[in-house]
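In this note's numbering, the protein residues as written are 141 to 498. Backbone N, C-alpha and C fix where the C-beta goes; we use that ideal spot for every residue, glycine too. Since the structure is predicted, the reported quantities are computational estimates derived from the model, not experimental observations.
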């Protein structure tokens, strides 16, 4: 592999290099060799996408190589999925970052909120920030994080962030651009969920993907909706899929209903998608209500199951014909499809993107 990599670089003639690396558990010797081979061409590196189930030492070496060569500001994309502790944060010298994605595969990867804040504060052109399953901590002796201004941010994903650093999420200040937000928090991580309310309230959120915890009685949608009055797209993902047989569609209908009127609390809503939800007969009544009181023109049911009553042993994949006909008469388009849940979480599900582009 090293010879092929060397040959590719020798023939690159200075064009931008976009490096995607999938590391096997016993492959770190080769990974360090890649760093050595890449050294003469480091000025051309524009994106780094690494899936690393083992040690992160060589990633530190690669980051340090960028800094020493004076090319850290040239890197536009830094994406790391890691088993390792800690998760390697690039640092404030990577001022050219446009896309930053940090993910801990096991949910135990440590990230210093101080290092992360410095990286973000030094990247004024950042358009996409994805943080997934990371353990945020505040180094001893460090004070609270100052406001982090992200004037160019367009996509923000915060999924299962946990740890004692409670003031990181409230410190994020996106600009006035239209923002696509993707949120998901386990029941044990609700403090970070609550702290997202102020972030949403001061942002121009027009698309929201919300991962619903089936085991939580208060899953937080009402507080989120109250902070996003300009929402045009809403995607509700049932964590764990239909196996929990917990439907939140009725609760959504009640939340959308404005107090004392027949109008919606989301008057601009155009697109609505449910992923991994069981849909029962009483949910269908609520769905009709939601369509009637909103401007929804596109509605989707991805990996959803249907049943007449909640006690049935089996859920079926076929939507009742009468309801499908009703939807087709009241909205512009109905999408019924399957989608792998991991693609929903990591943002690679193409079928989901159509609901955000309204």
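| task | Please classify residue 482: does DSSP put it in a helix, a strand, or coil? | result | helix
| 6 Å Cβ shell around residue 388 - same chain, five flanking residues per side excluded | 352
| field | Identity of the residues DSSP links to residue 295 by a beta bridge | value | Paired residue(s): 268 and 320.
| query | Can you tell me whether DSSP reads residue 192 as helix, strand or coil? | reply | Residue state, collapsed to three classes: strand.
| request: Put residue 203 into one of helix, strand or coil per three-state DSSP. | output: helix
| task | Classify residue 460 as helix, strand or coil using the three-state DSSP reduction. | result | coil
| Hey, out of 298, 397, 419 and 238, whose CA is closest to residue 532's CA? | Within the shown structure, residues of the chain are numbered from 141 to 498, placing residue 532 beyond reach of any answer.
| task | Starting from residue 415, follow the alpha helix (DSSP H) in both directions and report where the run begins and ends. | result | Annotation for residue 415: no alpha helix (DSSP H) segment contains it, though the beta strand (DSSP E) segment containing it runs 411-415.
| field | Assigned exposure category for residue 447 - 16 Cβ within 10 Å defines buried | value | buried
| query | Per DSSP, what kind of secondary structure is residue 552 in: helix, strand or coil? | reply | The first residue shown for the chain is 141 and the last is 498, placing residue 552 beyond what the model contains.
| task | Identify whether residue 306 lies in helix, strand or coil by the three-state DSSP scheme. | result | coil
| query | Whose C-alpha, out of 174, 312 and 229, is nearest the C-alpha of residue 287? | reply | 312
| Using a Cβ-Cβ cut-off of 6 Å (strictly less than) and excluding sequence neighbours within five positions of residue 191, which residues of its own chain qualify? | 162 and 221
| query | Using the beta-carbon count (16 or more within 10 Å), is residue 279 buried or exposed? | reply | exposed
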